[in-house]
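Visitor: Pasting in a structure now, in C-alpha cells, and then I'll have a few things to ask.
Residue numbers (UniProt numbering): 1 to 427.
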C-alpha cells in the first residue's frame with residue numbers, strides 16, 4: 001500500500017522525461033517494450049541468453065498482473081512454440097496443469113514419443129562409448145543425456161544425470177561447467193536452495209584449481225543470487241568486480257547486467273564510491289544510455305537534481321516490476337532508494353522548510369510530509385518535523401555518539417542478565 005501510494009503520489013504530477021534516443025520512446029505497450037532487454041540477447045554481442053531463461057521470463061510475464069491481455073495472448077503463443085520446438089513434454093504437463101496452456105493430448109503424445117526415441121538413442125551412445133571408446137567419449141555421452149533432460153524441462157532427471165556426468169569427469173574446469181548448468185537450472189525454477197548449494201560447491205572446486213574466466217563468471221551468478229535474495233550490497237560488489245570481465249551472456253545481455261549493477265550500487269555505495277565505481281566507470285558509460293531512464297536516474301541522484309531523479313524513477317519502476325529477479329523486492333527497493341535520496345538531501349541542512357524540500361522534489365507538501373513521517377518512524381531518517389513551523393530539523397548521530405548509545409544499551413542488558421543470574425546463584 002505504501003509503495004502504491006508513493007507511485008500514485010508523484011507520478012500523477014510528473015511525466016517521465018523522454019528517452020534520449022528515438023528508439024527508446026515509450027509505446028502503448030511500454031511495459032513490455034522497456035523490459036524487452038531482459039528476454040532477448042543483444043545484437044552483436046559475444047553470446048546469447050540461454051533459451052530456457054528467455055522462456056522463464058516469458059512465463060513470468062504471462063502471469064504478471066500488469067501485462068495487458070493482448071500481450072499475454074502473444075506470449076502464450078511464443079511459449080507454446082518454444083515448448084514444441086524443444087519437445088518439452090514435462091514442462092508442457094506442468095504448464096497445462098496450472099492452466100497457463102491448454103492441454104492438447106495429441107501434442108503431448110507426440111512430444112513424449114520424440115523424447116522416448118531420443119532418450120533411447122542417447123542410451124545406445126552411452127552403451128557404445130562404454131564398450132568401445134575411451135573415458136572422454138563416455139563423459140561426453142553422459143553430458144549429452146544431461147543436456148537433453150535440461151532441454152525438455154525434466155528437472156529431477158537432469159540433476160540426477162548431471163551427478164552421473166560429474167562422476168565421469170576429472171578436470172576441475174569441466175566440473176565447473178556442470179555446476180553452471182545446475183545454476184542455470186536453479187535460476188529457471190528460482191530454486192534458491194539449489195543455487196546456494198551449487199555456488200558453495202563451485203567455490204570448493206576453485207580451491208582445487210580453476211581458471212579466472214570461470215571464477216569471474218561465478219561472481220555474476222553469485223551476484224544474481226544475492227540480488228534475488230535481497231542482499232543488494234554484496235550483489236553490487238560482485239557485479240562491480242565483474243564489469244570489465246563480463247562474459248556471462250547465457251544469463252542476460254550486458255545492458256541488463258549494467259541495469260542490475262546501477263540499481264544495486266545506488267542503494268549500497270556512498271557518494272564517493274558511487275562516483276568512482278559507477279558514475280565515471282567507462283564500461284557503464286558506454287551502455288547506460290541503452291536502458292531507458294537509467295542514466296537520468298543515476299546522474300540526477302549524484303548531481304542532486306531531485307525532481308529529475310523522481311521523474312526518472314517513475315520510468316524505471318515499470319522495468320523493475322517486470323523483472324523476474326527484482327519483482328519480489330519491488331516495495332523494498334522503492335523504500336531503500338527513497339531513503340538514500342531523502343538522506344542525501346537532508347545531509348546538507350541543519351534545518352529546512354518542508355515546502356523547500358517538496359519544491360526540490362517536485363511534489364506536494366502533503367506528500368513529502370507523509371513520506372518523511374513514515375521514514376522517521378521507521379528509524380530510516382534522522383530528523384524531526386516541526387509541523388507548526390513547517391520545518392525539518394536534522395539530528396544526525398555521529399559515530400561516537402552511536403557507539404556511546406550502543407554501549408549504554410549493551411551495558412543495561414548485561415546488568416539485567418547479572419541481576420537475573422544473582423537470583424538463582426547465591427553470591
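Even glycine gets a Cβ: it sits at the ideal position worked out from N, Cα and C. What you are looking at is a predicted structure, and each value in this text was computed from that prediction instead of being measured.
With a threshold of 8 Å, are at least 3 pairs of Cβ atoms found where one atom belongs to the region 227 to 245 and the other to the region 257 to 266?
Guide: Look at the beta carbons and you see the region 227 to 245 touching the region 257 to 266: at least three pairs across the two are nearer than 8 Å.
Visitor: In angstroms with no decimal places, state the Cα-to-Cα distance between residue 243 and residue 292.
Guide: Indexing the chain shown from 1 puts residue 243 at position 243. Indexing the chain shown from 1 puts residue 292 at position 292. Rounded to whole angstroms, residue 243 to residue 292 spans 20 Å at the Cα level.
Visitor: With DSSP as the reference, label residue 243 as helix, strand or coil.
Guide: Taking the chain shown and counting its residues from 1, the one referred to as residue 243 is at position 243. Here residue 243 sits in helix by DSSP.
Visitor: Note the first and the last residue of the continuous beta strand (DSSP E) segment covering residue 392.
Guide: The residue labelled residue 392 in the question sits at position 392 within the chain shown. Unbroken beta strand (DSSP E) run through residue 392: 391 to 394.
Visitor: Rounded to whole angstroms, what's the CA-CA distance from residue 416 to residue 406? Just pull it up for me.
Guide: Mapped onto the chain shown, residue 416 falls at position 416. Mapped onto the chain shown, residue 406 falls at position 406. Going from the Cα of residue 416 to the Cα of residue 406 covers about 15 Å.
Visitor: Given a cut-off of 8 Å, decide if residue 101 and residue 108 are closer than it, judged by their beta-carbon atoms.
Guide: Against the chain shown, residue 108 aligns to sequence position 108. Against the chain shown, residue 101 aligns to sequence position 101. It is not a contact, given that the beta carbons lie outside the stated cut-off.
Visitor: Count the other CB atoms, across all protein chains shown, that sit within 10 Å of the CB of residue 395; report buried if there are 16 or more and exposed otherwise.
Guide: In the chain shown, residue 395 corresponds to position 395, counting from 1. Residue 395 is exposed by the Cβ-count criterion.
Visitor: Between 304, 138, 306, 366, which has its C-alpha nearest residue 169's C-alpha?
Guide: Stepping through the chain shown from its first residue, residue 169 is reached at position 169. That would be 138, whose Cα lies nearest to the Cα of residue 169.
Visitor: Within a Cβ cutoff of 6 Å, which residues of the same chain sit near residue 196, ignoring the five residues on either side of it in sequence?
Guide: Within the chain shown, residue 196 is the residue found at index 196, counting from 1. Cβ neighbours of residue 196 beyond the five flanking positions: none.
Visitor: How many angstroms separate the CA atom of residue 253 from the CA atom of residue 393?
Guide: Position 253 of the chain shown, counted from the start, is the residue given in the question as residue 253. Position 393 of the chain shown, counted from the start, is the residue given in the question as residue 393. Distance between the alpha carbons of residue 253 and residue 393 is about 45 Å.
Visitor: Do three or more CB pairs link the region 272 to 291 to the region 329 to 341 at distances below 8 Å?
Guide: no
Visitor: Can you list, in chain order, the residues of its chain whose CB lies under 6 Å from that of residue 422, leaving out five sequence neighbours each side?
Guide: Residue numbering aside, residue 422 sits at position 422 when the chain shown is read from its first letter. Within the same chain, residue 422 has no close Cβ partners at all.
Visitor: Touching or not, the region 129 to 143 and the region 70 to 90, by the rule of three or more beta carbon pairs under 8 Å?
Guide: Under the three-pair Cβ rule at 8 Å, the region 129 to 143 does not count as touching the region 70 to 90.
Visitor: Whole alpha helix (DSSP H) runs in the region 114 to 176 with 4 or more residues, listed along the chain?
Guide: Restricting attention to alpha helix (DSSP H) runs no shorter than 4 residues, the region 114 to 176 encloses them at 135 to 152, 155 to 167, ordered along the chain.
Visitor: Provide the residue span of the beta strand (DSSP E) that contains residue 200, from first to last.
Guide: To locate residue 200, count along the chain shown from 1; it is residue 200. Segment 192 to 208 is the alpha helix (DSSP H) holding residue 200; no beta strand (DSSP E) there.
Visitor: So, using beta-carbon positions, are residue 229 and residue 259 closer together than 8 Å?
Guide: The count along the chain shown starts at 1 and reaches residue 229 at position 229. The count along the chain shown starts at 1 and reaches residue 259 at position 259. Going by C-beta atoms, residue 229 is not nearer than 8 Å to residue 259.
Visitor: Which residues in the same chain as residue 60 place their Cβ atom closer than 7 Å to its Cβ, once the five residues preceding and following it in sequence are excluded?
Guide: Your numbering for residue 60 matches position 60 in the chain shown. Excluding sequence neighbours, residue 60 sits near 324.
Visitor: Residue 286 by DSSP, collapsed to three states: which one?
Guide: Taking the first residue of the chain shown as position 1, residue 286 is located at position 286. Annotated three-state conformation of residue 286 is coil, per DSSP.
Visitor: Tell whether a beta-carbon distance below 8 Å holds between residue 53 and residue 184.
Guide: In the chain shown, the residue the question calls residue 53 occupies position 53. In the chain shown, the residue the question calls residue 184 occupies position 184. The answer is yes: Cβ separation under 8 Å.
Visitor: If you draw a straight line from the C-alpha of residue 218 to the C-alpha of residue 99, how long is it?
Guide: Along the chain shown, read from residue 1 onward, the residue named residue 218 stands at position 218. Along the chain shown, read from residue 1 onward, the residue named residue 99 stands at position 99. So the alpha carbons of these two residues sit roughly 36 Å apart.
Visitor: Just curious, the alpha helix (DSSP H) that residue 266 is in, first and last residue?
Guide: Along the chain shown, read from residue 1 onward, the residue named residue 266 stands at position 266. Where residue 266 is concerned, the enclosing alpha helix (DSSP H) stretches over 254 to 266.
Visitor: I'd like the list of long-range same chain contacts for residue 368, defined as Cβ closer than 8 Å, with 5 residues on each side in sequence excluded.
Guide: As a working note, residue 368 is residue 368 in the chain shown. 354, 357, 358, 361.
Visitor: Go through its chain and collect everything with a Cβ distance to residue 112's Cβ below 6 Å, but skip five positions before and after it.
Guide: Here residue 112 refers to the residue found at position 112 of the chain shown. Answer for residue 112: 89, listed in chain order.
Visitor: I'd like to know whether the C-beta atoms of residue 279 and residue 306 end up nearer to each other than 8 Å.
Guide: The residue labelled residue 279 in the question sits at position 279 within the chain shown. The residue labelled residue 306 in the question sits at position 306 within the chain shown. The answer is no: Cβ separation not under 8 Å.
Visitor: Measure the Cβ-Cβ separation of residue 297 and residue 274 and say whether it is below 8 Å.
Guide: In the chain shown, residue 297 corresponds to position 297, counting from 1. In the chain shown, residue 274 corresponds to position 274, counting from 1. Going by C-beta atoms, residue 297 is not nearer than 8 Å to residue 274.
Visitor: Taking the alpha-carbon positions, what's the residue 347 to residue 383 distance?
Guide: Counting from one through the chain shown, the residue named residue 347 turns up at place 347. Counting from one through the chain shown, the residue named residue 383 turns up at place 383. Roughly 10 Å between the two C-alpha positions.
Visitor: Are there 16 or more other CB atoms within 10 angstroms of the CB of residue 300, so buried, or fewer, so exposed?
Guide: Stepping through the chain shown from its first residue, residue 300 is reached at position 300. Buried, by the Cβ-count rule.
Visitor: Alpha carbons only, please: which of 209, 198, 208, 206 is nearest the one belonging to residue 225?
Guide: Within the chain shown, the letter at position 225 stands for residue 225. Residue 225 has its Cα closest to that of 198, out of 209, 198, 208, 206.
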